[in-house]
Amino acid sequence: MSHGIPIALGYLSVSFGFGIKAVNAGLSVLTASAISATNLTSAGQAAGVDVIAVGGTLIEMILVQLTINIRYSLMALSLSQKLDRKFSLPHRLFAAYGITDEIFAVCSAQKQKLTPAYMYGMILIAAVGWVTGTALGAAAGQLLPDSISNALGIVLYGMFIAVIVPPARKQFSVLIVVLLSALISVMFRFLLTNVSSGFAVIISAVVASVIGAAFFPVREDSQ
Amino acid sequence: MKVVLYIIVMAVVTYLIRMIPFAFFRRKIKSRFFRSFLYYIPYAVLSAMTIPAIFYSTGNIVTAIVGTVTAFVLSYFNLPLIVVALSATAAAFISGIILL
Numbered sequence: 002m003s004h005g006i007p008i009a010l011g012y013l014s015v016s017f018g019f020g021i022k023a024v025n026a027g028l029s030v031l032t033a034s035a036i037s038a039t040n041l042t043s044a045g046q047a048a049g050v051d052v053i054a055v056g057g058t059l060i061e062m063i064l065v066q067l068t069i070n071i072r073y074s075l076m077a078l079s080l081s082q083k084l085d086r087k088f089s090l091p092h093r094l095f096a097a098y099g100i101t102d103e104i105f106a107v108c109s110a111q112k113q114k115l116t117p118a119y120m121y122g123m124i125l126i127a128a129v130g131w132v133t134g135t136a137l138g139a140a141a142g143q144l145l146p147d148s149i150s151n152a153l154g155i156v157l158y159g160m161f162i163a164v165i166v167p168p169a170r171k172q173f174s175v176l177i178v179v180l181l182s183a184l185i186s187v188m189f190r191f192l193l194t195n196v197s198s199g200f201a202v203i204i205s206a207v208v209a210s211v212i213g214a215a216f217f218p219v220r221e222d223s224q
Numbered sequence: 360m361k362v363v364l365y366i367i368v369m370a371v372v373t374y375l376i377r378m379i380p381f382a383f384f385r386r387k388i389k390s391r392f393f394r395s396f397l398y399y400i401p402y403a404v405l406s407a408m409t410i411p412a413i414f415y416s417t418g419n420i421v422t423a424i425v426g427t428v429t430a431f432v433l434s435y436f437n438l439p440l441i442v443v444a445l446s447a448t449a450a451a452f453i454s455g456i457i458l459l
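Chains R and P supply the protein sequences, listed in that same order. Following our numbering, the numbering of the first sequence begins with 2 at its first residue and continues without gaps. Following our numbering, the numbering of the second sequence begins with 360 at its first residue and continues without gaps.
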């Protein structure tokens with residue numbers, strides 16, 4: 002559960018922003034909190050609120066969620082390879098709810114197998130942070146000074162960097178894959194601007210990882 | 360009422376995306392290529408999500424760069440996640456105050 006604390010703190014600040022956004026889009030505090038409790042994802046929720054705000058169709062909602070959140074399938078697949086034997090089907094059905102970018106990042110960084118208790122602890126505290134932040138943001142968002150809320154925008158990215166840098170420093174292949182992925186991502190941002198950010202992340206990561214797997218296959222005993 | 364329907368659709372789609380591969384992929388993957396791919400994917404995903412988005416995360420590119428450099432330096436020395444994340448935030452906050 003202690004591994005979930007930085008995630009919860011980061012979520013508190015990010016979901017605060019989501020709460021403000023949801024209220025600005027005309028949703029109530031309760032609705033905003035319900036979205037956070039059932040979805041537990043930042044980009045997908047933000048895009049979902051946009052669809053609701055303009056009264057989009059349900060088909061549009063499905064496509065938007067699929068596009069932005071499909072990266073979770075890759076993460077889920079990756080995590081499925083390092084689950085402890087205690088992870089029975091019911092446990093998998095419950096824990097799947099909590100596969101987010103950050104929980105995935107922390108779980109991937111674990112050397113040992115993942116147990117249900119480990120994931121539940123992290124998911125629980127992260128979800129509490131996420132929903133609390135949403136409710137607070139929706140209820141009182143405008144009260145926080147900009148200097149603080151702006152600075153809080155970086156907190157989760159700081160955590161991502163802390164996950165990426167140590168292995169990239171130790172392993173040349175990881176460094177190459179990470180740099181390649183960042184480079185493609187920058188290209189999408191500035192050259193291929195009509196690709197949604199969700200798709201851009203998927204394509205960048207898949208291309209970089211395929212190249213990594215082709216040129217630097219991992220040894221049989223690793224992972 | 361319509362809003363409830365939207366929320367249900369959002370939640371179900373998002374859950375299925377996570378649940379199907381997580382729950383029903385039980386075999387150990389044999390292919391060395393595919394296992395290598397899955398080994399690299401986490402780092403690649405996080406990298407693509409962070410760069411270049413981190414530079415726009417604080418609403419000011421200078422404070423974002425200060426925060427980013429702080430995060431890189433501290434994580435290079437293997438400091439814990441929470442220390443890196445909060446130091447990056449503090450660096451962005453302080454540089455924001457100095458700039459103003």
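A virtual CB, placed ideally from N, CA and C, is assigned to each residue, including glycine.
Judged by DSSP in its simplified three-state form, residue 84 of chain R adopts strand. Only residues of its own chain outside the window of five on either side were considered, and among them 209 and 212 have a CB closer than 7 Å to the CB of residue 181 of chain R, listed in chain order.
In this structure, DSSP gives residue 458 of chain P a helical state, which the three-state scheme calls helix.
By DSSP's assignment, residue 153 of chain R forms no beta bridge with any residue.
Within chain R, the C-beta atoms nearer than 7 Å to that of residue 372 of chain P come from 63, 66 and 67, in chain order. Within the segment 399–419 of chain P, the residues whose Cβ lies closer than 8 Å to any Cβ of chain R are, in chain order, 399, 400, 401, 402, 403, 404, 405, 406, 407, 408, 409, 410, 411, 412, 413, 416, 417, 418 and 419. What residue 179 of chain R touches in chain P, judged by beta-carbon distance under 7 Å, is 402, 403 and 406, going in chain order.
Interface residue (Cβ-Cβ distance to chain P less than 7 Å): residue 123 of chain R is not classified as such. When secondary structure is reduced to three states using DSSP, residue 375 of chain P falls in the helix class.
Chain R has no Cβ within less than 7 Å of the Cβ of residue 390 of chain P. Along the segment 67–87 of chain R, the positions whose C-beta sits under 8 Å from a C-beta of chain P are 67, 70, 71, 72, 73, 74, 75, 76, 77, 78, 79, 80, 81 and 82, read in chain order. Distances from the CA of residue 438 of chain P to each of R:157, R:131 and R:167 were compared; the closest alpha carbon is that of R:167. The C-beta of residue 362 of chain P comes closer than 7 Å to at least one C-beta of chain R. Going by C-alpha positions, residue 88 of chain R is about 40 Å away from residue 195 of chain R. Residue 115 of chain R sits in a strand when the DSSP states are folded into three classes. With its beta carbon less than 7 Å from one in chain P, residue 53 of chain R belongs to the interface. Rounded to whole angstroms, the gap between the alpha carbons of residue 414 of chain P and residue 162 of chain R is 13 Å. Beyond the five residues adjoining it in sequence on each side, residue 24 of chain R comes within less than 6 Å, by CB distance, of 139 in the same chain, given in chain order. Under the 8 Å Cβ criterion, the segment 75–84 of chain R counts as touching the segment 391–402 of chain P, having at least three qualifying pairs.
Residue 34 of chain R and residue 81 of chain R have their C-alpha atoms roughly 29 Å apart.
The three-state reading of DSSP puts residue 410 of chain P in coil, since its state is none of H, G, I, E or B. Shown here, residue 49 of chain R sits in a helix according to DSSP, grouped into three states.
Annotation: residue 122 of chain R to residue 57 of chain R spans about 36 Å, alpha carbon to alpha carbon. The C-alpha of residue 133 of chain R is placed about 31 Å away from the C-alpha of residue 459 of chain P. Close partners of residue 366 of chain P in chain R (Cβ separation under 9 Å): 32, 35, 36, 39, 40, 49 and 53. Listed along chain P, the residues sitting closer than 9 Å to residue 151 of chain R by beta-carbon distance are 416, 417, 418, 419, 422, 451, 452 and 455.
Annotation: the continuous alpha helix (DSSP H) that includes residue 180 of chain R extends over 173–191.
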